[in-house]
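Worksheet for the structure shown next.
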Amino acid sequence: MRVVIQRVSEASIVVNEEIVGAINKGLLVLLGVEINDSQQDIEWLVKKIIQLRIFPSNAGNIDKSVQDIDGEIAVISQFTLYASTKKGNRPSFMNSAKPEIAKPIYENFVAQLSDKFGKKITTGIFGADMKVSLINDGPVTICMDTKNKE
């Protein structure tokens with residue numbers, strides 16, 4: 169699994185000119201599912217996202233998690249995170265899981281994230297053409313890949 173995590177002041181998701189989700193201060197998580205992703209990938213990523221200390225404390229140090237600040241989380245499916253641009257100018261998405269595989273993994277990820285976070289997770293609509301608006305706070309943007317745990 170591959171994610172791009174953005175610390176946001178606010179974010180919203182629009183499908184067919186209708187807002188389907190919105191959050192205030194928290195994390196916007198763009199999630200890509202690879203063909204070989206497993207339950208272990210979900211568990212590792214859920215734990216990392218919830219415990220990721222990228223919010224400032226009152227002293228100005230960046231040492232608070234989204235839970236610590238009572239923030240919110242939005243998750244958007246993003247198969248293009250597995251784009252390969254190695255050959256030519258047209259990206260290949262061969263490593264992205266097909267929708268029939270990716271959707272149950274995505275839904276499982278969101279359910280486990282909600283369970284561990286203790287709050288409802290805002291989402292878009294899997295596979296839809298979404299318009300995502302955000303105010304990146306900082307800006308702070310973190311990339312993680314469960315196959316390359318740096």
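Counting from 169, one number per residue, gives the positions in the sequence shown under the numbering used here. Glycine included, each C-beta is placed from N, C-alpha and C at the ideal position. Computed from a predicted structure; not experimentally measured.
key: Distance between R170 and W212 (C-alpha atoms, nearest Å)   = If you number the sequence shown from 1, residue 212 lands on position 44. If you number the sequence shown from 1, residue 170 lands on position 2. Rounded to whole angstroms, W212 to R170 spans 12 Å at the Cα level.
inquiry  = I'd like the span of the beta strand (DSSP E) that includes N304, first residue to last.
reply    = As a working note, residue 304 is residue 136 in the sequence shown. Counting along the chain, the beta strand (DSSP E) containing N304 begins and ends at 298-313.
request  = With a threshold of 16 other CB atoms inside 10 Å of the CB of Q174, please say whether the residue is buried or exposed.
outcome  = Position 6 of the sequence shown, counting from 1, holds the residue named residue 174. Looking at its Cβ environment, which holds 16 or more other Cβ atoms inside 10 Å, Q174 is buried.
query = Who pairs with P224 in a beta bridge, going by DSSP?
reply = In the sequence shown, counting from the first residue as 1, residue 224 sits at position 56. Per DSSP, I230.
ask   = Any chance the region 218-236 sits against the region 198-210, with 3 or more Cβ pairs inside 8 Å?
value = no
request  = Report, in whole angstroms, the separation of the C-beta atoms of D305 and S180, which I expect to be a contact under 8 Å.
outcome  = On the sequence shown, position 137 is the one that residue 305 refers to. On the sequence shown, position 12 is the one that residue 180 refers to. Contact between D305 and S180 does not hold, since the beta-carbon distance rounds to 15 Å and is not under 8 Å.
request  = Return the first residue and the last residue of the beta strand (DSSP E) that S282 is part of.
outcome  = Taking the first residue of the sequence shown as position 1, residue 282 is located at position 114. S282 -> not in any beta strand (DSSP E); alpha helix (DSSP H) instead, spanning 267-285.
ask   = Which residues in the same chain have their Cβ closer than 7 Å to the Cβ of K288, if we skip the five residues on either side of it in sequence?
value = Here residue 288 refers to the residue found at position 120 of the sequence shown. So the list reads S282, once near-sequence residues are dropped.
request  = Leaving out five residues on either side along the sequence, give the residues of the same chain with a beta carbon under 8 Å from the beta carbon of V183.
outcome  = Within the sequence shown, numbered from 1, the residue matching residue 183 stands at position 15. Excluding positions up to five away in sequence, the list reads G292, I293, A296, D297, M298, K299.
ask   = Does the Cβ of E268 have 16 or more other Cβ atoms within 10 Å, making it buried, or fewer, making it exposed?
value = On the sequence shown, position 100 is the one that residue 268 refers to. Per the 10 Å Cβ criterion, exposed.
task = Let me know if D205 comes out buried or exposed under the rule of 16 or more other beta-carbons within 10 Å of its beta-carbon.
result = Numbered from its first residue, the sequence shown carries residue 205 at position 37. Per the 10 Å Cβ criterion, buried.
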